[in-house]
Every structure is written in C-alpha cells, then in structure tokens.
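Asks: Numbering-wise (our numbering), the sequence shown opens with residue 154 and increments by one. My structure is below; once you've seen it, I'll send some questions.
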Amino acid sequence: LGQWIDQQDTTPELAALADTLQRGRTPMAERLAFPAADIAAVARGLVAYLEGETPPVEGAAALCRAAEDYLAGKTVDWEALTGRSNPRRLGGLPTYPFERKRYWVDVWLDSAPPRPDLAAQENAAPEADLRVLRKTWTVAPRSPAGAAAWPDAPTVILAGEDSRGLADALGACTVLAAPESWADGVAAARALRSETGELFVFDLSDLGGPPSDRDRLPLGRIAFLQTLLRDRPDGLRLFHATHGLGEGAEPPSLRGAAMAALMRMLPAEHPGLVARTVDADTAPENIEAWRELLVGEAARTAEPDSEIRYRDGERLRPGLRASLLAPSEGLAPFVVPDGTYVVTGGTRGIGLALAQALVAAGVRRLALIGRTVLPPESEWVGLLADERGDPALRAKLAPLAALRDAGVKIALHGGALTDGDALAAFLARVRTSLGPIAGVIHAAGLIGGERPRFLDKLTDDFAAVAEPKVEGLDTLLDTLAGDSPGFVLLCSSIASAVPRMAAGMSDYALANGYMDALATQRAAGGGATQWLSLQWVGWGDTGMHTRFDESIERMVRDGLGAVGLDFCDSETGVTLFAGALSEGLSGAFVAAPVLGARLEASLSGLLSVPPGPAVALNDETDPDLDSLSDQDLDRLLAAYQPQAPVAAEAGGADDGMASICAILAEVLELEAGEFGPDTPFRDVGLDSIAALRVAQRLEEETGEAVTPRMLLDHPTARDLAAVL
Numbered sequence: 154l155g156q157w158i159d160q161q162d163t164t165p166e167l168a169a170l171a172d173t174l175q176r177g178r179t180p181m182a183e184r185l186a187f188p189a190a191d192i193a194a195v196a197r198g199l200v201a202y203l204e205g206e207t208p209p210v211e212g213a214a215a216l217c218r219a220a221e222d223y224l225a226g227k228t229v230d231w232e233a234l235t236g237r238s239n240p241r242r243l244g245g246l247p248t249y250p251f252e253r254k255r256y257w258v259d260v261w262l263d264s265a266p267p268r269p270d271l272a273a274q275e276n277a278a279p280e281a282d283l284r285v286l287r288k289t290w291t292v293a294p295r296s297p298a299g300a301a302a303w304p305d306a307p308t309v310i311l312a313g314e315d316s317r318g319l320a321d322a323l324g325a326c327t328v329l330a331a332p333e334s335w336a337d338g339v340a341a342a343r344a345l346r347s348e349t350g351e352l353f354v355f356d357l358s359d360l361g362g363p364p365s366d367r368d369r370l371p372l373g374r375i376a377f378l379q380t381l382l383r384d385r386p387d388g389l390r391l392f393h394a395t396h397g398l399g400e401g402a403e404p405p406s407l408r409g410a411a412m413a414a415l416m417r418m419l420p421a422e423h424p425g426l427v428a429r430t431v432d433a434d435t436a437p438e439n440i441e442a443w444r445e446l447l448v449g450e451a452a453r454t455a456e457p458d459s460e461i462r463y464r465d466g467e468r469l470r471p472g473l474r475a476s477l478l479a480p481s482e483g484l485a486p487f488v489v490p491d492g493t494y495v496v497t498g499g500t501r502g503i504g505l506a507l508a509q510a511l512v513a514a515g516v517r518r519l520a521l522i523g524r525t526v527l528p529p530e531s532e533w534v535g536l537l538a539d540e541r542g543d544p545a546l547r548a549k550l551a552p553l554a555a556l557r558d559a560g561v562k563i564a565l566h567g568g569a570l571t572d573g574d575a576l577a578a579f580l581a582r583v584r585t586s587l588g589p590i591a592g593v594i595h596a597a598g599l600i601g602g603e604r605p606r607f608l609d610k611l612t613d614d615f616a617a618v619a620e621p622k623v624e625g626l627d628t629l630l631d632t633l634a635g636d637s638p639g640f641v642l643l644c645s646s647i648a649s650a651v652p653r654m655a656a657g658m659s660d661y662a663l664a665n666g667y668m669d670a671l672a673t674q675r676a677a678g679g680g681a682t683q684w685l686s687l688q689w690v691g692w693g694d695t696g697m698h699t700r701f702d703e704s705i706e707r708m709v710r711d712g713l714g715a716v717g718l719d720f721c722d723s724e725t726g727v728t729l730f731a732g733a734l735s736e737g738l739s740g741a742f743v744a745a746p747v748l749g750a751r752l753e754a755s756l757s758g759l760l761s762v763p764p765g766p767a768v769a770l771n772d773e774t775d776p777d778l779d780s781l782s783d784q785d786l787d788r789l790l791a792a793y794q795p796q797a798p799v800a801a802e803a804g805g806a807d808d809g810m811a812s813i814c815a816i817l818a819e820v821l822e823l824e825a826g827e828f829g830p831d832t833p834f835r836d837v838g839l840d841s842i843a844a845l846r847v848a849q850r851l852e853e854e855t856g857e858a859v860t861p862r863m864l865l866d867h868p869t870a871r872d873l874a875a876v877l
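What follows is the structure in structure tokens.
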C-alpha cells in the first residue's frame, strides 16, 4: 500500500483511500488501524508498522474508538462514523496478500418458512426408521502412574484467577493469564511466535472456583487459538480441562461448557490438529492427580478422541448408541390445554412448526418470541389484504393470523433475548393475561455463513451466533425461574454432537454445545420439568435447506446418507419430539430418521477425528466415493496422490484444457492467472461441492458422463482433457 501511494502521479484523496480500505474488502483477523490527518501520516504509520512498531491510536475520540473496535475484531459502522453513504472508491489498490480461494460449507439453519409441498418428496425413504442417538462412555487406556513426564517440547498453561495456584504448582511450564479480550488473545499468541516445532497448550482456565449454572463466551481464548493455528498449522497440541461438566459430575457445573464444545470440533476443520477437552471428577486442589492426568493425555496425541472423561479413576472415551424410538400418541398427552406455552423463534421456521403442532395437540395459549417487532393484531387484516405490501411481512403474519382465527390466544414479543427487563415484563403480562407457563420451546438461533472458516471468524461472528443460545438462553431461564413447565425443549444441532458435521460452523457448534451441557445439567438436577436438548439433523421442509440449490441439497443429503442419517419433515420432527417426551428422555441427544444398516456401519467412528489425513487411496483400498461424506471427500481431495500424468493426444486437447480452466475459474471464482492447465485442482481449493459443480458443467459442455471421481484420477486440466 505504501508503494502504491508513492507511485501515484497525484496525491490520493485521503477520504477516498480510507473509504475504500474500510468498505471495499472483507475484514480479516490480521488488522492494522490508526487515525491519520493526511496522506503523509498514512505513509508514516505504514513505515512504522513495517519496522515492527505499532502506530499510535491518537486523535479525535470517535476515530480512536473506531480504530480500537476494529482492532478488537468488531464490526464498525463506517457510514455512521463518517456520514458518507456513497463514498468514492479508489481503483487499483493492492489486493489481499494471500492466494484467494473459495470455501463451500454445508450448513444447517432454521430460518426459512415451512414448505410442506416438498416434504413428501424430500423425505421419501421407506427403509428409514426413527432412532435416538445418545452419547455413551467406554473405558479407554490410560498411562500408568509415573510412567511419563511433561512433554519434551515448549509447554504453556493458560490459567484463570481460580486455577493460577494449580498452574504454578504443576511446574515445568510457562504459565500465562487466560486472555479475556480478543485483542489480548491475539497478543498472547503472538508472543509465542518464537517457539518452533511442537507446542503443547493446556487450558486450565475453567478449573477451580465454585460450581456454576452458566458459562461465558471465551472470546479472548478463541482469539488465542485462532492466532496460534494461523501462525503454526502444524505441531500444535491443545488440551482443555474442566471439572464437573457432563453426566456423572458431582457437583455439576457449566464452567467451561462453551470452550469444551469448540475444542471437540476443531480437529474436524483442521485435519492433523490435536485438540482435546478433558473433564475429570478430580478436585482441582489435587495437584499430583492433575499432573498425572495431563501428562498422560499429552502422551496420547495419536489417539483420535477430541473428548475424554475421567470418572472414579477410569479414563473414558465417547461413542454413540442408537435405539429405536417407539411409536407415541403424539403431543396431546404432554400438553395442558389451558396452559401457556412459550416458544422463542416462534414466528417462523422450526419454532413456528412446533407452535402449530402444540395447537394441533390442543394448546390454545401461545407466547411467541421473535427477533423483530411485529405489527399489532388489529392491523393484521389490513396488512394481509394489501397485495402491494411487504411480501415477507405478509408471509410471517399469515400463519399467525390462521392460529388466531382458530381460536388461539397469542402474545407476541419482539427483541433480543438478552434484554432481561423487557423479557421479564412481557412474561409477567403473559402470566396475567394467559395464565401459568406450562412448557417452553427454545428455537431461537442464527448461523453466520459469511466467514465459515474458524480462522476467519471475528468477535462479532461468535457473539452474534452465541447471543440467543448462550446469554439469551440464560436470560430466558432467569425470567422463568419461578415457573414449573412440564418440559423445556432446546432446539440444538447435530453440529454440536458430531464433530465432522461442525466443520465451517465452529461458532454454531459452540453455541449449541452450551445448550446441550445446560440441558444435561438441569436434567441431572431432578425435578418435575423434562429437559431436552434435541440435536436436530435438519428439517427438510423449513429452514436453510429450503434455500439450497439442487446440487448443494443433493451433496448435503448424500453426505448424511453415507453415514445413515436423513433430514426430517415437520411432521416427522414433531413425531420425534413427541416420542422423546413419551420415552422420558432428557439431556442432549440426536433424534432423526436413519438408514439402519448404514448407520450401524458408521456409528463407531462418528465421534472420532483422526489426527492426520483421513484416507490415502491406493489400488488395494479404493473406496466408493458415493458412500463418502462431504468431509471425507474433502480430505481425499487434499491428501490423494494422483496417478502419473496421461500424455495428451494432439487435436482438441488444447480446447478441452481451456474449457476446463474456464469452468474451474468460474466455479471457484479464481482470478486470471491463478489457474493453469498444470495446476493441481486441490491447490486452488477444490472441495466436494465444487467438484460436483465442475463435473456437472463439464457434462453440459462435453455431452459425456463426468463424475467427481474423474477429478481425483486426473487432477489437472491437462490430464482431464486427455480423457474427455
């Protein structure tokens, strides 16, 4: 950028330069920001940064606050700050200092209105049955007492106020204070850049202190892990410790639940990374026992477990057990007709579908909570009759008006769940006007897809996704503390249950993992309320799946089908919920239509994430690609050793290569010069979904059958052109 400024014939306009840098590119994790009064000040700041100094953040208070927020990973409203709604952009500024690649991510989201017309077609699988998948624990090997010492490699311990004494007493390690803010996390990780080779990190921040019925979003430690992974993609060994988290913990605690959920999924997104969360019933004051435990885990980095538990002296690893869900009589036996049912996220998607199911079961009083404020009921008739009105608003009001016309009393609230005062006031009015609260469904949530990779996510990404499912859920339960609902259903996701399903959704897996831990803790506490965190695989007729194009929809279904799982429609989702209530299930579990034989074959490996490349193909072990999940196929594309290049015949090969290069560039959004006839497909970010799209386009172009497998066997445009 400094060179570009020097090379201009005229001095660039300062405001245009700032506007282009602020709004003309996607903000990433590595950031530089400082106020500047003129172009000369910009040049001085850049030179200082290149010389290893930090340009000072000084000047107007508003500009300093914006710079500090930007450096902390927050989203800054530049238009509000500058007052310029249509800034002039400068062309020709230097682009991102790295190779640009496109990453496709399969996501699960409950945000679109239901589409019952597609349900029968999308879920036609006569061999499927309904099952529940629950986590089980089996005894695993542990290192003998005194058989190992601290790793012969740099070792760092993160400690909080309550665990500093334990960390200091363990010895032989560098102890760092657990970072609280995003900026502190980045700085702490950068201080370790001088370390080379293996680096062991033990996060003991969540040990010590009294048991807690909630957890905080650990933004500082998330930034710390991000920066470490970016600086040293190889050789990083991460361990996280908790006490009292999960079944069998006494006393139970939610301290560390959010970080534990993140640690479970990280190896799925970063093959080769060793990351493991460890919960033990050993008291944090027992220093020798914890030293033995941590040293033992450090000696087992080759094992594929991202979660381990210690109970009564035994080391346990997780698995999944599937059981048939017996037929039930529906929701009617579990609802009180004159009771009031609270549904968050209840004006659309899964929340609305479940609210409608409650009404079908006899409920006549609903308190529906959504993010946005809807018009009062007195205006609904006019708004629905106005064909020129907002179609999205009319689509949201129509099912609510239908419920009201069926005799259902509805109370609506719009706003953030974290606004405890507003929420408490609303629920107080509900109790007065509608009656006691008899059940709760928490279906509020969102997923951020703008930056799928963990390494690219910002403070705002994690905060926004966690808001309804972490702090928002805690606030909701605080306002319901005096109620006695018959059930509380938390709508979670398979992303928090199965690590491979969470790749590209680390923030979503973290948030749902917290809900799972909370339901498990509350269920263990006994009482009349049935606590369930149902880890949905996905609803095929509502939510994000209704927005997929055909190729992505097929890839998602194929990936799930390969391991024996399937989406449900709204009717099946309600059946799964009713069946779980009927069987008295509690805590966290997956409930879904399954393909029994495929599920049984894959069940034992669903929770394991091998610490290295998953598969290396050869002539003796050549799997059927149609049976692989998206995650496995992506690993194949990254790890596959291609065949020797095939000599291209003279003739149309050049035209074929040009066509293949053009299609790859279009699908992967590559710039001119980034891809050539001898560039391996895997080097430009080709993944499973992109491979399918390329194959489809090549079929259209050539009129011949082209499969994703052909892009594996012939991994460059030159090789592929020779066989087409």
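Even for Gly, the Cβ is constructed at its ideal location relative to N, Cα and C.
1) Which same chain residues, not among the five before or five after E351, have their C-beta less than 6 Å away from its C-beta?
2) Of all the options L446, G809 and R850, which has the alpha carbon lying nearest to the alpha carbon of L821?
3) Go ahead and pull the three-state DSSP assignment for I600.
4) So what's G588 in DSSP terms, helix, strand or just coil?
5) Tell me where the beta strand (DSSP E) around E467 begins and ends.
6) Can you name the residues that DSSP bridges to W689?
7) What is the C-beta distance between L447 and R518, in whole angstroms, given that I count them as a contact (C-beta under 8 Å)?
8) Rounding to the nearest angstrom, what Cα-Cα distance links L527 and L283 in this structure?
9) For E773, count neighbouring C-beta atoms within 10 Å of its own C-beta (all shown protein chains included) and say buried if the count is 16 or more, exposed if not.
10) List the endpoints of the continuous alpha helix (DSSP H) containing V618.
11) Checking the sheet assignment: what are the DSSP bridge partners for C721?
12) What do you get for T207, buried or exposed, if any count of 16 or more other CB atoms within 10 angstroms of its CB means buried?
13) For W290, name the three-state secondary structure that DSSP assigns.
14) Which same chain residues end up closer than 6 Å to D337 when comparing Cβ atoms and leaving out the 5 residues on each side of it in sequence?
15) Going by C-alpha to C-alpha distance, which of M412, G740, A485 and A196 sits closest to T164?
16) How big is the Cα-Cα spacing for A189 and G212?
17) Who are Q683's beta bridge partners in DSSP?
18) Per DSSP, which one or two residues make a beta bridge with E746?
19) Here's the rule I'm using: 16 or more other beta-carbon atoms within 10 Å means buried, otherwise exposed. How should L203 be labelled?
20) Quick one: is Y793 buried, meaning 16 or more other Cβ sit within 10 Å of its Cβ, or exposed?
21) Rounded to a whole number of angstroms, what is the C-alpha to C-alpha distance between A848 and I816?
22) Please state whether DSSP places F579 in a helix, a strand or coil.
23) Mind checking who L565 pairs with in its DSSP beta bridge?
24) Which first and last residues belong to the alpha helix (DSSP H) in which E445 is found?
25) According to DSSP, is F353 helix, strand or coil?
26) Would you check if the distance between the CB atom of C814 and the CB atom of F834 is smaller than 8 Å?
27) Could you check what DSSP says for D259 in three-state terms: helix, strand or coil?
28) My understanding is that P589 touches T493, with C-beta atoms under 8 Å, so please give their C-beta distance in whole angstroms.
29) What's the gap between the Cα of N514 and the Cα of E445?
30) Given a cut-off of 8 Å, decide if S649 and D879 are closer than it, judged by their beta-carbon atoms.
31) Which class does G324 belong to by DSSP, given the choice of helix, strand or coil?
32) Secondary structure at E736, three-state DSSP: helix, strand or coil?
33) Suppose contacts are defined by Cβ-Cβ distances below 8 Å. Is S739 in contact with T695 by that definition?
34) Just reading off the alpha helix (DSSP H) that R218 is part of, what are its end residues?
35) Reducing DSSP to helix, strand and coil, say where T435 ends up.
36) If I follow the unbroken beta strand (DSSP E) through E460, where does it start and stop?
Replies: In this structure, then:
1) Your numbering for residue 351 matches position 198 in the sequence shown. Same-chain partners within the cutoff: A306 and G388.
2) Here residue 821 refers to the residue found at position 668 when the sequence shown is read from its first residue. Answer by Cα proximity: R850.
3) On the sequence shown, position 447 is the one that residue 600 refers to. Of the three classes helix, strand and coil, the one that applies to I600 here is coil, per DSSP.
4) Numbered from its first residue, the sequence shown carries residue 588 at position 435. Three-state result, G588: coil.
5) Along the sequence shown, read from residue 1 onward, the residue named residue 467 stands at position 314. First-last of the beta strand (DSSP E) with E467: E467 to L477.
6) Taking the first residue of the sequence shown as position 1, residue 689 is located at position 536. For W689, which the question treats as bridged, DSSP gives the partners S646.
7) Numbered from 1 along the sequence shown, position 294 holds the residue referred to as residue 447. Numbered from 1 along the sequence shown, position 365 holds the residue referred to as residue 518. Actually they are not in contact, since the Cβ atoms of L447 and R518 sit about 53 Å apart, beyond 8 Å.
8) Taking the first residue of the sequence shown as 1, we reach residue 527 at position 374. Taking the first residue of the sequence shown as 1, we reach residue 283 at position 130. Their backbone Cα atoms lie some 37 Å apart in a straight line.
9) As a first step, residue 773 must be located in the sequence shown, where it is residue number 620. Bear in mind that a pLDDT of 34 at E773, under 50, signals an unreliable position, so the number given afterwards is only what the model happens to contain. E773 counts as exposed, since fewer than 16 other C-beta atoms from the protein chains shown sit within 10 angstroms of its C-beta.
10) Residue numbering aside, residue 618 sits at position 465 when the sequence shown is read from its first letter. First-last of the alpha helix (DSSP H) with V618: T612 to K622.
11) One-based indexing of the sequence shown puts residue 721 at position 568. In DSSP, C721 forms a bridge with W692.
12) Residue numbering aside, residue 207 sits at position 54 when the sequence shown is read from its first letter. Under this definition T207 is an exposed residue.
13) The sequence position of residue 290 within the sequence shown is 137, counting from 1. Reduced to three states, the DSSP call for W290 is strand.
14) Here the question's residue 337 lines up with position 184 in the sequence shown. Around D337: G373.
15) For the purposes of this step, residue 164 is identified with residue 11 of the sequence shown, where counting begins at 1. Considering only alpha carbons, the answer is A196.
16) Indexing the sequence shown from 1 puts residue 189 at position 36. Indexing the sequence shown from 1 puts residue 212 at position 59. If you take the alpha carbons of A189 and G212, they lie about 8 Å apart.
17) Counting from one through the sequence shown, the residue named residue 683 turns up at place 530. Answer is F640, bridged to Q683.
18) The residue you call residue 746 lines up with position 593 of the sequence shown. Here the sequence assigns Pro to residue 746, which means Glu is not the residue at that position. The partner list for P746 (beta bridge, DSSP) reads L283.
19) Counting from 1 along the sequence shown, the entry for residue 203 is found at position 50. With fewer than 16 other Cβ atoms within 10 Å, it is exposed.
20) On the sequence shown, residue 793 is found 640 positions in, with the first residue counted as 1. Because the pLDDT at Y793 is just 40, under 50, the model does not fix this residue reliably, and the value given afterwards should be weighed accordingly. Burial call: buried.
21) Against the sequence shown, residue 848 aligns to sequence position 695. Against the sequence shown, residue 816 aligns to sequence position 663. Looking at the two C-alpha atoms, the distance is approximately 10 Å.
22) In the sequence shown, counting from the first residue as 1, residue 579 sits at position 426. If DSSP states are grouped into helix, strand and coil, F579 belongs with the helices.
23) To locate residue 565, count along the sequence shown from 1; it is residue 412. Residue pairing of L565 in beta bridges, as defined by DSSP: L521.
24) One-based indexing of the sequence shown puts residue 445 at position 292. Element bounds for E445: I440 to A451.
25) Translated into positions along the sequence shown, residue 353 becomes position 200. Strand at F353.
26) Residue 814 sits at position 661 when you count from the first residue of the sequence shown. Residue 834 sits at position 681 when you count from the first residue of the sequence shown. No, the Cβ-Cβ distance between C814 and F834 is not below 8 Å.
27) Here residue 259 refers to the residue found at position 106 when the sequence shown is read from its first residue. Any reading at D259 needs caution, since the residue's pLDDT is 34, under 50, leaving its predicted position unreliable; the model's value is listed next. In the displayed model, D259 falls within coil according to three-state DSSP, outside both helix and strand.
28) For the purposes of this step, residue 589 is identified with residue 436 of the sequence shown, where counting begins at 1. For the purposes of this step, residue 493 is identified with residue 340 of the sequence shown, where counting begins at 1. P589 to T493, Cβ: 7 Å. Contact.
29) Stepping through the sequence shown from its first residue, residue 514 is reached at position 361. Stepping through the sequence shown from its first residue, residue 445 is reached at position 292. Note that residue 514 is Ala in the sequence shown, not Asn. Between A514 and E445, the C-alpha separation is close to 55 Å.
30) With the chain covering only 154 through 877, there is no way to say anything about residue 879.
31) On the sequence shown, position 171 is the one that residue 324 refers to. G324: coil per DSSP, three-state reduction.
32) Here residue 736 corresponds to residue number 583 of the sequence shown, with the count starting at 1. It is coil, neither helix nor strand.
33) For the purposes of this step, residue 739 is taken as residue 586 along the sequence shown, with counting starting at 1. For the purposes of this step, residue 695 is taken as residue 542 along the sequence shown, with counting starting at 1. Not in contact: S739 and T695 (Cβ atoms no closer than 8 Å).
34) As a first step, residue 218 is located in the sequence shown; it is residue number 65 there, counting from the start. A214 to L224 is the extent of the alpha helix (DSSP H) around R218.
35) As a working mapping, residue 435 is identified with position 282 in the sequence shown. Reduced to three states, the DSSP call for T435 is coil.
36) If you number the sequence shown from 1, residue 460 lands on position 307. Element bounds for E460: E460 to R464.
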